[in-house]
């Protein structure tokens with residue numbers, strides 16, 4: 184049985200690592216946690232632009248089909 188990630192899953196992982204390393208420093212995350220705002224709109228927008236919000240939605244419905 185193969186428990187390794189698929190090439191698509193590895194690509195998503197690598198994309199997430201790069202994006203978060205560039206845009207979600209520990210200082211930025213702490214600043215968000217110390218406010219009453221539940222999320223960082225700019226960070227959320229960046230993730231949405233990359234299609235992360237649709238990763239669990241089947242491709243037939245416009246998602247990435249990872250769910």
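In the working numbering, the protein residues as written are 184 to 250. Positions of the beta carbon are idealized from the N, C-alpha and C atoms, including for glycine. Given the structure is predicted, the values throughout are model-derived calculations rather than measurements.
Asked: Sub-8 Å separation of residue 203 and residue 249 beta-carbons; Found: no
Asked: Close Cβ partners of residue 217 (< 6 Å) along its chain, the five nearest in sequence each way excluded; Found: none
Asked: Residue from 243, 228, 238 and 185 whose Cα sits closest to the Cα of residue 207; Found: 228
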